[in-house]
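All remarks here apply to the structure that follows.
2 protein chains.
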Amino acid sequence: MSAPAPFRASPRVLMGPGPSDVPPEVLRAQGAPTIGHLDPDFLRCMDEVRAMIRTVFGTDNRMTLPISGTGSAGMETLFANLLEPGDAALIATHGVFGGRMAEVARRQGAEVVELQTEWGQPIDPAALAEAGAGRPFRVLALVHAETSTGVLQDLAPFRAIADQHGALLVTDCVTSFAGVPIQLDRHGVDAAYSGTQKCLSCPPGLAPVSLSDRAMERVRSRESDVRSWYLDLRLLARYWGDERAYHHTAPVNAIFGLHEALRLVLDEGLEARFARHLRLSAALRAGLEAMGLSLPVPSDARLPPLTLVAIPDGVDDKAVRGKLLKRYGLEIGGGLGKFAGKAWRIGLMGASCTERHLALCLTGLGEALREEGFTPAADGLAAARAAL
Amino acid sequence: MSAPAPFRASPRVLMGPGPSDVPPEVLRAQGAPTIGHLDPDFLRCMDEVRAMIRTVFGTDNRMTLPISGTGSAGMETLFANLLEPGDAALIATHGVFGGRMAEVARRQGAEVVELQTEWGQPIDPAALAEAGAGRPFRVLALVHAETSTGVLQDLAPFRAIADQHGALLVTDCVTSFAGVPIQLDRHGVDAAYSGTQKCLSCPPGLAPVSLSDRAMERVRSRESDVRSWYLDLRLLARYWGDERAYHHTAPVNAIFGLHEALRLVLDEGLEARFARHLRLSAALRAGLEAMGLSLPVPSDARLPPLTLVAIPDGVDDKAVRGKLLKRYGLEIGGGLGKFAGKAWRIGLMGASCTERHLALCLTGLGEALREEGFTPAADGLAAARAAL
Chain A
0 MSAPAPFRAS PRVLMGPGPS DVPPEVLRAQ GAPTIGHLDP DFLRCMDEVR
50 AMIRTVFGTD NRMTLPISGT GSAGMETLFA NLLEPGDAAL IATHGVFGGR
100 MAEVARRQGA EVVELQTEWG QPIDPAALAE AGAGRPFRVL ALVHAETSTG
150 VLQDLAPFRA IADQHGALLV TDCVTSFAGV PIQLDRHGVD AAYSGTQKCL
200 SCPPGLAPVS LSDRAMERVR SRESDVRSWY LDLRLLARYW GDERAYHHTA
250 PVNAIFGLHE ALRLVLDEGL EARFARHLRL SAALRAGLEA MGLSLPVPSD
300 ARLPPLTLVA IPDGVDDKAV RGKLLKRYGL EIGGGLGKFA GKAWRIGLMG
350 ASCTERHLAL CLTGLGEALR EEGFTPAADG LAAARAAL
Chain B
0 MSAPAPFRAS PRVLMGPGPS DVPPEVLRAQ GAPTIGHLDP DFLRCMDEVR
50 AMIRTVFGTD NRMTLPISGT GSAGMETLFA NLLEPGDAAL IATHGVFGGR
100 MAEVARRQGA EVVELQTEWG QPIDPAALAE AGAGRPFRVL ALVHAETSTG
150 VLQDLAPFRA IADQHGALLV TDCVTSFAGV PIQLDRHGVD AAYSGTQKCL
200 SCPPGLAPVS LSDRAMERVR SRESDVRSWY LDLRLLARYW GDERAYHHTA
250 PVNAIFGLHE ALRLVLDEGL EARFARHLRL SAALRAGLEA MGLSLPVPSD
300 ARLPPLTLVA IPDGVDDKAV RGKLLKRYGL EIGGGLGKFA GKAWRIGLMG
350 ASCTERHLAL CLTGLGEALR EEGFTPAADG LAAARAAL
């Protein structure tokens, strides 16, 4: 074939469940000339990236690094390294990503006990304790920030439950990382993974992970090899640690971008960043509710960066999203799993969490809903403005 | 921690075994604003990328896509999908990457018969046929372009050998992709993988793979699930194919860069690109040999984009490489595996395959060798120039 024209995308405003808008500084940083994966300059970049990831995760874990794949590769890294065939895993599922954890764990040969609870509601710690009562587990896993439903889970009660089963505590922090507080060490989380394209506002492609010394002790004492060579943490530790032994060629430019995205987070300050997400998401929700839209997640369990909105009866999901995309280049997310066709997911994440995004979304959505036969009860933006 | 300074790397000229220098067009393309992984514009980009990868691989294979990880993730994708526990795999190893294939296949639970042959020499097809004589194999795998030694393997004889064993033929094309001709369909290769950071001159992070219908039939008729959820081709086919079902969030910006890198390859023309690699590598070799340096790989088995050079007795490997890096920002590769400390690997790949690179390398190397006590027999650049 002959060469096609250079690819040009339409301008977009990203307010789905990720990716979010990426700041120009990050795009520029990842566009710096490529250097070698063993270059002394790059080794310094790696060390700074690890230190910044630790800060955002709220941990001193030595074994903290970005996996060379997206958030799902981070998930797979933890289960592939922590579980051996025949190990038991207790996994709470209240959305797509809990279910994905269970599936990934099963493929590692683990016996999975899955507690399936209502989507859009937080997990009841007592129910999880009961589901696993009376037997040991290698791993207890749950989602901190369920990207499919917009539920934020309080992690505080789960260390004690994990201890009852002698289990390592594993959490999905994909949509909480750099958007809501994460305190891995304080909550006794042994292993966590995230992605870069949510509240960090970095392009997708890397998965920050962190493991406690206890979790790494488990990895080092495995009887069988990790089934994935690419994700084997014992091998990755030799490259990311002092030895600097070649494993695979690190995605150098993506890590340049990650460095800058993390730097911008620390420059803003974690507390200020969390407050921004809280403030604007509260305003968004006030606006949506004033319009007469319903938010399925109870108010005390809502994940600030991601809001689930029920699609009103008779309104065509795709027609509304299509109009927003065509008119304004505005992307909001469709529902996933049990919420497919029934809800939208509106993200206010990182660089996509501004008053400009809020205004465009509420205005555009109100307009499109009206055209689709649903008349908002009030002006969404005015209500949001009043709540700011 | 507080935010560190923005990361700035020293200027580099990349002439190791990859990554190679990345053209500014590719850096700019991957720095375009991020869009959604299900955006209609992005779906179009994906389709064009797949078509261009097919052209470079010399195949019409429907199942052709970039895996969201580096070349080693591409390798793991093929073995994880094609092999089930208990399957037999016949693998020829004549360098680090053949050995890595064997290791990855073993971790999938396969019984691996590994033919280990001399590093720096091509594989003898008769020896491989003999090693597997009298028994069936699910997969026969070998490396087309051994990045650890700079050996190019003629793939023509291996389809017949694979047929004798009822095996699928799998090849590593990491350092051949877009640098030397690959004809998957003509040679009856069932599955191949590559990386982006070699002759394609794209940042590392993606792994183009291609599988024949027969190979995908094997994947679809598996009795057990693929052990990796992230690399499961049945699931990936649903996203990259017509269904567009969400699997994981594609590394959107990396794929923008890949689109542009592939476009530049087709714009130059495959034949012209291969000729450029041949011409400049012949000149490099003439220059190195004129200096009195020895090239361990026999002349008819040399891989144009990557030249293995024996380090002369008494010369300090790291001192020479350190000088080149410090003075000129010039990176050449150290030896790997059996050649560690004994040889250098000099890459002339993609955008790093120019007369400018040739001249800097030969001049800088001659100078550093002299300072380290080895006096070149002749002027390397003059000899290279004469051979151009």
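In the order they appear, the protein sequences are chains A and B.
If you read the first sequence in numbering that gives the first Met the number 0, its first letter stands for residue 0, the second for the next number, and so on.
If you read the second sequence in numbering that gives the first Met the number 0, its first letter stands for residue 0, the second for the next number, and so on.
Quick reminder that beta carbons are idealized off the backbone N, C-alpha and C, glycines included.
Keep in mind the model is a prediction, meaning the values are calculated, not measured.
According to DSSP, residues forming a beta bridge with residue i
| i | result |
| --- | --- |
| residue 145 of chain A | A:150 |
| residue 171 of chain A | A:142 and A:192 |
| residue 118 of chain A | Looking at the DSSP assignment, residue 118 of chain A forms no beta bridge with any residue, so it has no partner. |
| residue 331 of chain A | A:14 |
| residue 63 of chain B | B:209 |
| residue 112 of chain A | A:89 |
9 Å Cβ cut-off: residues of chain B touching residue i
| i | result |
| --- | --- |
| residue 239 of chain A | None at all; the shortest Cβ gap to chain B is about 15 Å. |
| residue 224 of chain A | 102, 105 and 106 |
| residue 349 of chain A | Ordered by position in chain B, no residue passes the 9 Å Cβ test against residue 349 of chain A, which lies about 11 Å from the chain. |
| residue 26 of chain A | 29, 30, 31, 32, 33 and 252 |
Within chain A, partners of residue i - CB distance below 7 Å
| i | result |
| --- | --- |
| residue 60 of chain B | Per Cβ cutoff of 7 Å: no residues; residue 60 of chain B is ~14 Å from chain A at best. |
| residue 123 of chain B | Simply none; closest approach about 27 Å. |
Proximity of residue i and residue j at Cβ, strictly below 8 Å
| i | j | result |
| --- | --- | --- |
| residue 256 of chain A | residue 29 of chain A | yes |
| residue 175 of chain A | residue 260 of chain A | no |
| residue 166 of chain B | residue 142 of chain B | no |
| residue 85 of chain A | residue 118 of chain A | no |
| residue 209 of chain A | residue 56 of chain A | yes |
| residue 206 of chain A | residue 72 of chain A | yes |
| residue 14 of chain A | residue 277 of chain A | no |
| residue 307 of chain B | residue 338 of chain B | yes |
| residue 350 of chain B | residue 46 of chain B | no |
| residue 163 of chain A | residue 128 of chain A | yes |
| residue 89 of chain A | residue 136 of chain A | yes |
| residue 177 of chain B | residue 264 of chain B | yes |
| residue 363 of chain B | residue 323 of chain B | yes |
| residue 386 of chain B | residue 249 of chain B | no |
| residue 116 of chain A | residue 91 of chain A | yes |
| residue 16 of chain A | residue 346 of chain A | yes |
Enclosing alpha helix (DSSP H) for residue i [first to last residue]
| i | result |
| --- | --- |
| residue 103 of chain B | 95-106 |
| residue 71 of chain A | 70-81 |
| residue 320 of chain B | 316-327 |
| residue 235 of chain A | 232-239 |
| residue 275 of chain B | 269-289 |
| residue 368 of chain B | 354-370 |
| residue 47 of chain A | 39-56 |
| residue 26 of chain A | 23-29 |
Interface flag, residue i vs chain B, CB-CB below 8 Å
| i | result |
| --- | --- |
| residue 229 of chain A | yes |
| residue 352 of chain A | no |
| residue 96 of chain A | no |
| residue 132 of chain A | no |
| residue 117 of chain A | no |
| residue 71 of chain A | yes |
| residue 388 of chain A | It is not possible to answer for residue 388 of chain A, since the shown part of chain A is limited to 0 through 387. |
Cutoff 8 Å: residue i Cβ touching any chain D Cβ
| i | result |
| --- | --- |
| residue 56 of chain B | Any reference to chain D falls outside this structure, whose protein chains are A and B. |
Where the beta strand (DSSP E) containing residue i begins and where it ends
| i | result |
| --- | --- |
| residue 90 of chain B | 87-92 |
| residue 306 of chain B | 305-309 |
| residue 209 of chain B | 206-210 |
| residue 346 of chain A | 342-346 |
Within-8 Å CB hit, residue i to chain A
| i | result |
| --- | --- |
| residue 180 of chain B | no |
| residue 1 of chain B | yes |
| residue 33 of chain B | yes |
| residue 63 of chain B | no |
| residue 266 of chain B | yes |
| residue 244 of chain B | no |
| residue 75 of chain B | yes |
| residue 330 of chain B | yes |
| residue 235 of chain B | no |
| residue 290 of chain B | no |
Partners in chain A for residue i, counting only beta-carbon separations shorter than 8 Å
| i | result |
| --- | --- |
| residue 375 of chain B | In chain order: nothing, as chain A lies at least about 25 Å away. |
| residue 47 of chain B | 3 and 6 |
Under 9 Å from the C-beta of residue i: neighbouring residues of chain A
| i | result |
| --- | --- |
| residue 392 of chain B | Any property of residue 392 of chain B remains undetermined from this structure, which presents chain B solely from 0 to 387. |
| residue 203 of chain B | 33, 36, 67, 247, 248, 249, 250, 251, 252 and 253 |
| residue 21 of chain B | 32, 33 and 252 |
Near the ligand ATP: residue i beta-carbon under 7 Å from a heavy atom
| i | result |
| --- | --- |
| residue 189 of chain B | The model depicted lacks the ligand ATP and carries no ligand whatsoever. |
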